[in-house]
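A.B. asks: Taking my numbering, the leading residue of the sequence shown gets 3, the next gets one more, and so forth. Here a beta-carbon is modelled for each residue, glycine too, at the ideal position from N, C-alpha and C. Dropping the structure in here first, questions after.
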Amino acid sequence: MSAYSIVHEDESMVVVNKPADWSVAGRESATAKHKGGVLLDRLKEAGAEDLLPAHRIDDAVGGLVVFAKTKTGLDFLSGQFQSKTVQRIYRGLAVVATEAEATDITSMALVRDARGGLPAEFEVNYALAPDEHVLGRMHVYRKKGGRPAFTVFRVLESFGRFVWFEAQPETSRQKQIQAHLAAVGAPVLGDDDHGLPEVRLLLSGLKRGYKGRESERPMVDGLALLATKLTLRHPESREEMTFEIELPKQFEIALKNLRKFSR
Numbered sequence: 003m004s005a006y007s008i009v010h011e012d013e014s015m016v017v018v019n020k021p022a023d024w025s026v027a028g029r030e031s032a033t034a035k036h037k038g039g040v041l042l043d044r045l046k047e048a049g050a051e052d053l054l055p056a057h058r059i060d061d062a063v064g065g066l067v068v069f070a071k072t073k074t075g076l077d078f079l080s081g082q083f084q085s086k087t088v089q090r091i092y093r094g095l096a097v098v099a100t101e102a103e104a105t106d107i108t109s110m111a112l113v114r115d116a117r118g119g120l121p122a123e124f125e126v127n128y129a130l131a132p133d134e135h136v137l138g139r140m141h142v143y144r145k146k147g148g149r150p151a152f153t154v155f156r157v158l159e160s161f162g163r164f165v166w167f168e169a170q171p172e173t174s175r176q177k178q179i180q181a182h183l184a185a186v187g188a189p190v191l192g193d194d195d196h197g198l199p200e201v202r203l204l205l206s207g208l209k210r211g212y213k214g215r216e217s218e219r220p221m222v223d224g225l226a227l228l229a230t231k232l233t234l235r236h237p238e239s240r241e242e243m244t245f246e247i248e249l250p251k252q253f254e255i256a257l258k259n260l261r262k263f264s265r
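Dropping the structure here:
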């Protein structure tokens, strides 16, 4: 996905599907691997002068972002995010780290089921704060320190080494999902800050007898995490509204190959 798309627009709000590696507003992040642009700037260039972001998602994450058209609308929409009444659903691919790999990415207890994979559902309740020593990385706190962060995870499909998951964050910390999954030994695929940057999803690694070229590209380029679904109340009508995006083509291809060759 290289360009944004409008998912919904009315007199009070706009819901946009943000490309991965674009920042929502302000200056582009110095830690973004492939800076694509600033979404708010692009919207203004297209004629939307008065938009105000009701929340943020990480630069590297593609998916749904809500903008208000009025100050009153902003207060109502952002208030829902702050009061945790918005239901936010993310989907992505995680890597189930080996014990040896896990020692390099976390000091916390690994979350595993009896077979050594991720449980069908689990919660992570570790506080977070920016790492003082590593730019772009979040530090995970077991007890004292950081800001409270809570995420519910569900495994949608398991492919051995890789897992297709759903995450529902109850708080809105920077890189929360990435830091929480890395802390339990299952980092998001493509997370260079917290995870296993050397692990890539290649067809040659799935399909027996298939030899990829030296220039073989991973099926998912960048961070394998998407903000796919939002449920909130409209700032004028107070009606509950749900917005959902389709998966980008690269995710569809990756899942198709995982289902075919990793069962």
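1. Can you name, in chain order, every residue of its own chain whose Cβ lies under 6 angstroms from the Cβ of H182, other than the five neighbours on each side?
2. Just the C-alpha distance for L234 and R210, rounded to the nearest angstrom, thanks.
3. Among A56, K71, D194 and I59, which one has its Cα closest to the Cα of G49?
4. Are Y128 and R139 touching if we call contact CB-CB under 8 angstroms?
5. At which residues does the alpha helix (DSSP H) containing F78 begin and terminate?
6. Taking just the CA atoms, how far does V18 sit from A5?
7. If you draw a straight line from the alpha carbon of E11 to that of L53, how long is it in whole angstroms?
8. Between the Cα of T74 and the Cα atoms of A56, V63 and G64, which residue gives the shortest distance?
9. Which residue from L260, T244, L257 and F263 puts its Cα closest to that of V67?
10. Enumerate in chain order the residues of its own chain whose CB-to-CB distance from Q180 is below 6 angstroms, with the five nearest sequence positions on each side excluded.
11. For H36, does the count of other Cβ atoms within 10 angstroms reach 16, so buried, or fall short, so exposed?
12. Nearest chain B C-beta to L53 closer than 8 angstroms, yes or no?
13. If you drop the 5 nearest sequence neighbours on each side, which residues of the same chain put their C-beta closer than 8 angstroms to that of E241?
14. Under the assumption that A122 contacts R163 (Cβ atoms under 8 angstroms), give the Cβ distance between them as a whole number of angstroms.
15. Among the residues of its own chain, which have a CB less than 7 angstroms from the CB of R58, if the five just before and after it don't count?
16. Would DSSP call F263 helix, strand or coil?
17. R90 and L232 - do their beta-carbons sit closer together than 8 angstroms?
18. Nearest by alpha-carbon distance to S7: which of E246, E216, T100 and D60 is it?
C.D. replies: The short version:
1. V126 and T153
2. 45 angstroms
3. K71
4. no
5. K73 to Q84
6. 11 angstroms
7. 11 angstroms
8. A56
9. T244
10. V190, D193 and H196
11. Confidence at H36 is low in this model, with a pLDDT of 47, below 50, so its placement is unreliable and no value can be given for it.
12. In summary, chain B is missing from the structure at hand, where a single protein chain is found.
13. R235
14. With a Cβ gap of about 18 angstroms, A122 and R163 do not count as contacting.
15. V26
16. Helix.
17. yes
18. Closest by alpha carbon: E246.
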